[in-house]
Each structure stands twice: as structure tokens, then as C-alpha cells.
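Undergrad: Following this message is one structure expressed as C-alpha cells.
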Amino acid sequence: MNRTYQLGFIGCGHMGMAIAQGVVEKKLLVPERIAVYDPSEAVQKKAQALGMHLLNSVQEAGSQANMTVLAVRPQTVDEALQQLQKADVHCLLSIAAAITIGHIQSFLPGVPVIRALPNTPLLIGCGSTTLCFSPEVAKADHDASLHMFSALGRAAEIPEDQMEDAIALHSSTPAYFYCFVNAIIKDVTARGMDPQLARELAVETMIGSGRLIQESDQSIEELIDAVCSKGGTTIEAVQVLQEQGLDELVHKASEACIRRAEELKK
């Protein structure tokens with residue numbers, strides 16, 4: 010089905026705009042094939058400056074696009090879905106965390122729904138996204154959405170019953186990493202190191218460590234052991250983390266994250 014626009018965004022905040030800009034930068038779409046509905050004047054100006062079209066309503070985004078992207082906060086999803094009941098939606102792609110396919114289809118029976126869970130590194134083309142699909146999604150739309158998110162990082166299809174776990178795996182965890190590296194920077198800065206230098210070294214270490222995990226044939230446990238020379242300095246620090254229950258702390262954080270996702274589903 011060919012419509013005026015390939016993508017029609019309902020809400021285009023940080024994540025929505027990251028997707029829109031990303032597909033243009035990766036030359037998957039020209040800006041003229043993207044339309045945006047968002048009441049924010051700042052978003053409207055940015056979309057126009059990038060050559061995207063502005064829409065006047067949620068219904069227009071639903072009726073004029075091959076794929077309608079629902080990119081609003083979970084708390085405002087129902088309001089948008091109620092308005093979409095007046096539209097002729099071809100395929101709905103939702104990036105609203107914790108909102109299930111079943112919930113969306115309770116408002117839009119029979120509409121093909123793609124549920125995607127991207128993370129914020131998508132903003133620089135290094136994101137990761139998990140996706141699941143309702144049975145009604147056509148192969149062309151299935152493949153197009155996977156291709157789009159793969160161009161913006163790593164994309165993987167998973168069963169919907171694993172999507173809440175994925176929130177605690179890759180969607181929320183950038184904040185965990187930021188908390189950890191920030192604690193390291195604050196600690197060394199308090200000991201007298203220049204804050205900017207501390208930030209640069211800590212960030213480069215985080216990036217390099219991730220790359221090493223990605224490119225190494227060794228397990229993560231083996232990589233830890235490679236840094237922890239017997240009788241050396243690192244093993245003393247790692248033992249403190251273990252003794253203070255790092256694994257249990259991460260487990261509790263993930264449980265809290267998943268519990269909140271379950272609450273939002275209700």
C-alpha cells in the first residue's frame with residue numbers, strides 16, 4: 010500500500026527524532042517521505058528544518074503513512090490510540106515502553122502492530138533494539154522495520170513475553186553504565202585529578218572495554234581474570250565489588266525496572 014509518507018510520527022521527541030534523523034542519514038528515506046505530528050513548537054521547527062512534513066493531527070499520521078510510529082510516553086498512549094480509531098492505519102510501530110501488542114489492538118482490532126524497544130545510543134547510530142510483531146504484520150513491513158533499526162545499531166526479534174526483560178537488559182541499562190562511570194569519575198576527581206581528564210579517560214575506558222567484549226573470543230569472566238593479576242591491584246577492587254554484592258544489587262535494580270514495566274502495562 011503506497012501512501013503519501015513512508016513514516017508518520019505521532020510524537021517526535023528524542024527517540025522519535027533519533028529514528029527519523031537516522032533513517033535520513035543512513036539514506037533509507039529522503040526527508041520528504043517522513044511526516045511528523047507533535048504539538049511541540051521546538052519539534053515542529055526541527056522537523057521542518059530537516060525537510061520533513063508537519064501533520065495537523067494524530068489521525069493524519071495514521072491515515073497518510075505506510076508505517077505509523079507511536080512515539081509518545083506510555084502515560085499518553087491511550088489518548089493517541091483513541092484518536093487513531095478514526096484513522097485508516099496500515100501498520101503501527103510502537104516504541105512506547107511496556108505497552109503490549111494486545112493493549113494496542115484492544116483499541117485498534119486487527120491492525121498490524123510492531124513493538125520496538127530501542128535505547129538512547131540510537132541517537133548516535135550505536136543503539137540496540139528488540140522487536141516483536143503481531144501475526145498481521147506483512148513480511149514487507151516486518152523486514153523494513155528490522156532493516157531500519159539494524160541501520161541504527163543492533164536489532165533483534167524476540168518473543169513479546171521477553172520484552173520486559175529486554176527493558177532491564179538494554180533499554181534502561183545505559184543509565185546503569187552512566188551511574189557506574191560517573192561514580193568512578195567523582196571518586197578520582199575527589200582525590201585531586203582534573204575533572205575533564207578524568208571524564209575523558211573513564212569514558213574511553215568504557216568504550217574500549219565494550220569493544221573488547223565485542224571483538225574478543227574470550228568470555229567476560231576470562232576478560233575479568235585477564236585484568237585481575239594475582240596479588241595485583243585490580244583483584245582487590247573486584248573482590249570489594251563482589252563482597253558488597255554487585256550481582257545482587259544489579260538483580261534488584263532489574264527487578265525494580267521490570268516491576269515498573271508491569272505496572273505501566275496495567
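Residue numbers (our numbering): 10 to 275. Quick reminder that beta carbons are idealized off the backbone N, C-alpha and C, glycines included.
Take every Cβ of the region 38-56, pair it with every Cβ of the region 137-151, and state whether three or more of those distances are shorter than 8 Å.
TA: Flag = no, the region 38-56 and the region 137-151 do not touch.
Undergrad: Which of the three DSSP states, helix, strand or coil, is assigned to residue 99?
TA: Walking along the sequence shown from the start, residue 99 turns up at place 90. It is coil, neither helix nor strand.
Undergrad: Would you call the region 50-65 and the region 75-95 in contact, with 3 or more CB pairs under 8 Å?
TA: No contact exists between the region 50-65 and the region 75-95.
Undergrad: Counting Cβ pairs, one atom from each stretch, are 3 or more of them under 8 Å apart for the region 133-141 and the region 184-191?
TA: No contact exists between the region 133-141 and the region 184-191.
Undergrad: Starting from residue 269, trace the alpha helix (DSSP H) both ways and give me its first and last residue.
TA: Mapped onto the sequence shown, residue 269 falls at position 260. Here the alpha helix (DSSP H) through residue 269 covers 255-274.
Undergrad: To the nearest angstrom, how far is the alpha carbon of residue 30 from that of residue 55?
TA: Position 21 of the sequence shown, counting from 1, holds the residue named residue 30. Position 46 of the sequence shown, counting from 1, holds the residue named residue 55. Cα to Cα, residue 30 sits roughly 10 Å from residue 55.
Undergrad: If you measure between the beta carbons of residue 77 and residue 117, is that distance less than 8 Å?
TA: To locate residue 77, count along the sequence shown from 1; it is residue 68. To locate residue 117, count along the sequence shown from 1; it is residue 108. Against a cut-off of 8 Å, the Cβ pair of residue 117 and residue 77 comes out as no contact.
Undergrad: Indicate the three-state DSSP secondary structure (helix, strand or coil) for residue 162 in the structure shown.
TA: Taking the sequence shown and counting its residues from 1, the one referred to as residue 162 is at position 153. Correct three-state label for residue 162: strand.
Undergrad: On the DSSP letters alone, give me the boundaries of the beta strand (DSSP E) that residue 125 sits inside.
TA: In the sequence shown, the residue the question calls residue 125 occupies position 116. Start and end: 122-127.
Undergrad: Could you check what DSSP says for residue 104 in three-state terms: helix, strand or coil?
TA: On the sequence shown, position 95 is the one that residue 104 refers to. Coil at residue 104, not helix or strand.
Undergrad: Which runs of the alpha helix (DSSP H) spanning at least 4 residues fall entirely within the region 173-258, listed in chain order?
TA: 182-199, 204-224, 229-236, 243-252, all fully within the region 173-258.
Undergrad: Check whether the Cβ atoms of residue 127 and residue 104 lie closer than 8 Å to each other.
TA: As a working mapping, residue 127 is identified with position 118 in the sequence shown. As a working mapping, residue 104 is identified with position 95 in the sequence shown. Yes, the pair counts as a contact, with Cβ atoms nearer than the cut-off.
Undergrad: Per DSSP, residue 80 forms a beta bridge with which residues?
TA: Along the sequence shown, one-based indexing puts residue 80 at 71. Looking at the DSSP assignment, residue 80 forms no beta bridge with any residue, so it has no partner.
Undergrad: Where does residue 45 fall in DSSP's three states?
TA: Residue mapping note: residue 45 aligns to position 36 of the sequence shown, counting from 1. In the structure shown, residue 45 sits in a strand (DSSP, three-state: E or B).
Undergrad: According to DSSP, what are the bridge partners of residue 62?
TA: As a working mapping, residue 62 is identified with position 53 in the sequence shown. In DSSP, residue 62 forms a bridge with 44.
Undergrad: Enumerate in chain order the residues of its own chain whose CB-to-CB distance from residue 95 is below 7 Å, with the five nearest sequence positions on each side excluded.
TA: Within the sequence shown, residue 95 is the residue found at index 86, counting from 1. Excluding sequence neighbours, residue 95 sits near 68.
Undergrad: Over the uninterrupted alpha helix (DSSP H) stretch that includes residue 28, give me the two end residues.
TA: Here residue 28 is taken as the residue at index 19 of the sequence shown, counted from 1. Segment 23-34, the alpha helix (DSSP H) holding residue 28.
Undergrad: What's the gap between the Cα of residue 222 and the Cα of residue 71?
TA: Here the question's residue 222 lines up with position 213 in the sequence shown. Here the question's residue 71 lines up with position 62 in the sequence shown. Cα to Cα, the separation comes out at about 42 Å.
Undergrad: Quick check: what's the CA-CA separation for residue 16 versus residue 75?
TA: Residue numbering aside, residue 16 sits at position 7 when the sequence shown is read from its first letter. Residue numbering aside, residue 75 sits at position 66 when the sequence shown is read from its first letter. Using only the alpha carbons, I get a separation of about 6 Å.
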